[in-house]
Amino acid sequence: MSKLLMFEKPVGMRDTLPHIYETKRKLKEAAEREMRSWGYRFIETPALEYHETIGEASAILDRQLFKLLDQQGNTLVLRPDMTTPIARVAASKLLKERVPLRLAYSANVYRAQQREGGRAAEFEQIGIEMIGDQTVSADAEIIALLASILKKTGIERFRISLGHIRFTDELFRQILGTEERAEHLRRFLYEKNYVGYREHVKSLALSSIDQQRLLRFLDLSGELSCLEGAANLIEGGAGSEAIAELRNLYERLQEYGVAEYIKFDLPLVSHMSYYTGLVFEVYVDGAGTPVGNGGRYDQLLEKFGRPASATGFGLRVDVLLSALEQLAEEEKVHCILFSNERRLEAIQEAKKRREAGEAVLLQDVAGVEDVDRFTESCKSVSFFVGKAASGREF
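Taking the working numbering, the leading residue of the sequence shown gets 2, the next gets one more, and so forth.
So this is what it looks like as structure tokens:
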């Protein structure tokens with residue numbers, strides 16, 4: 002007896018069944034249409050990249066990379082994100098064109114997961130990158146576009162939380178003095194382990210005033226007024242400039258009419274280490290994790306020999322799907338069942354209907370065990386069976 006094949010998939014890999022696929026298709030079409038209407042052009046990059054370029058330049062931990070060797074012995078990786086490959090293409094080819102660049106993508110990315118984690122190792126992202134524009138106007142545009150995309154895909158209840166890496170870095174530098182101590186504390190933030198953060202702060206050899214500054218930092222979330230508290234914590238420098246940037250950004254988002262979706266979250270820290278300024282996460286009612294994130298990364302393209310400022314975001318299609326209140330109904334098709342002697346008639350009828358824009362399924366009746374069950378999901382049915390002169394439609 003032949004060996005039965007396994008039903009199991011590799012850790013973190015998922016199947017997409019037809020009714021889910023249809024919802025995903027419509028969601029992506031709505032998002033892509035909106036991106037194009039704002040002047041963004043779509044780009045594709047290879048699924049496989051060199052480890053020494055994309056693998057090392059990306060902000061993904063090395064243990065999360067899928068690696069393999071090519072026939073020449075080079076280490077390759079399945080792309081773990083889209084921002085880094087697009088930075089490579091922009092630096093090598095596209096920055097010779099019109100700048101700023103407005104690029105969009107829809108692609109699968111790959112990150113190895115622990116068996117017990119339950120997270121996807123392959124997932125689809127849809128997003129944009131604006132390259133070559135250092136202004137707050139660029140940041141405002143991508144956030145406004147993000148809000149517009151969510152609404153176009155049928156999501157009305159969402160929140161975009163804004164933070165700023167330079168504010169956090171400057172606050173930690175003023176109080177902690179070394180990057181090593183700052184990185185240790187930063188790790189609690191991107192793990193959202195606020196209990197651990199508080200306990201660690203209390204264990205540090207700091208003055209009571211500085212301890213309180215670090216503890217009050219966790220409370221800097223909410224409306225625009227929380228920026229006042231942030232300004233009182235910092236002693237000038239890059240931190241104050243970051244607060245001024247956030248105020249300026251909020252004013253522009255008001256002009257776009259999307260300020261109602263904006264909250265501030267100053268302790269927000271991304272695990273993507275290439276961010277240099279604004280960072281944000283997107284939360285949607287019904288999704289247990291952020292559906293997307295983004296921010297400004299002004300030093301990434303420098304790694305590819307072409308310094309340029311940049312800002313962008315990525316959305317997780319699978320998490321967006323989980324937030325939709327209902328899945329799209331599968332499109333029902335007209336079914337034509339035929340017997341062998343009337344095969345040509347059935348083929349011609351199917352062709353005529355398809356040319357008229359109708360979705361048609363053509364099926365030899367000899368290949369169907371239960372006709373009633375097969376036709377249950379059909380919109381309507383035509384039978385070209387026996388020697389009748391024309392097809393019967395039901």
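Built from N, CA and C at the ideal position, the CB exists for glycine as well.
Legend entry - Span of the beta strand (DSSP E), counted from its first residue to its last, around V285: L279 to V285
Legend entry - Inter-residue spacing [alpha-carbon to alpha-carbon] between T290 and Y284: 7 Å
Legend entry - Span separating the alpha-carbon of G238 from that of F314: 27 Å
Inset, instruction - Thinking L338 and V372 are a contact (beta carbons under 8 Å), I'd like their distance in whole angstroms, please. - result: 7 Å
Legend entry - Exposed unless 16 or more other CB atoms sit within 10 angstroms - verdict on P268: buried
Legend entry - L316 burial status per 10 Å Cβ neighbour count (16 or more: buried): buried
Legend entry - Reduced DSSP category for L79 - H, G, I as helix; E, B as strand; rest coil: strand
Legend entry - Range covered by the beta strand (DSSP E) that runs through T312: A311 to R317
Legend entry - alpha helix (DSSP H) runs contained entirely in the stretch 84 to 166, provided each spans 4 or more residues: 84 to 93 and 137 to 153
Legend entry - For Q364, three-class secondary structure by DSSP: strand
Legend entry - Residue environment, K352, which counts as buried when at least 16 other CB atoms sit within 10 Å: exposed
Legend entry - Secondary structure of K380, DSSP reduced to three states: coil
Legend entry - Outcome for G295 when other beta-carbon atoms lying within 10 angstroms are tallied against a minimum of 16: buried
Inset, instruction - Can you grab the Cα-Cα spacing for the pair T179 / T169, in whole Å? - result: 13 Å
Inset, instruction - With DSSP as the reference, please indicate the residues paired to L70 in a beta bridge. - result: T76
Inset, instruction - Out of E33, I150, E242 and R26, state which residue places its alpha-carbon closest to the alpha-carbon of L43. - result: According to the sequence displayed, residue 43 carries Phe and not Leu. It is E33.
Inset, instruction - Mind the definition here: the stretch 49 to 62 touches the stretch 19 to 29 only if three or more C-beta pairs lie below 8 Å; say whether that holds. - result: no
Inset, instruction - Using three-state DSSP, classify H335 as helix, strand or coil. - result: strand
Inset, instruction - Reducing DSSP to helix, strand and coil, say where I348 ends up. - result: helix
Inset, instruction - State buried or exposed for R37, treating a residue as buried only when at least 16 other CB atoms are found within 10 Å of its CB. - result: exposed
Legend entry - Proximity below 8 Å, CB of V90 to CB of E50: no
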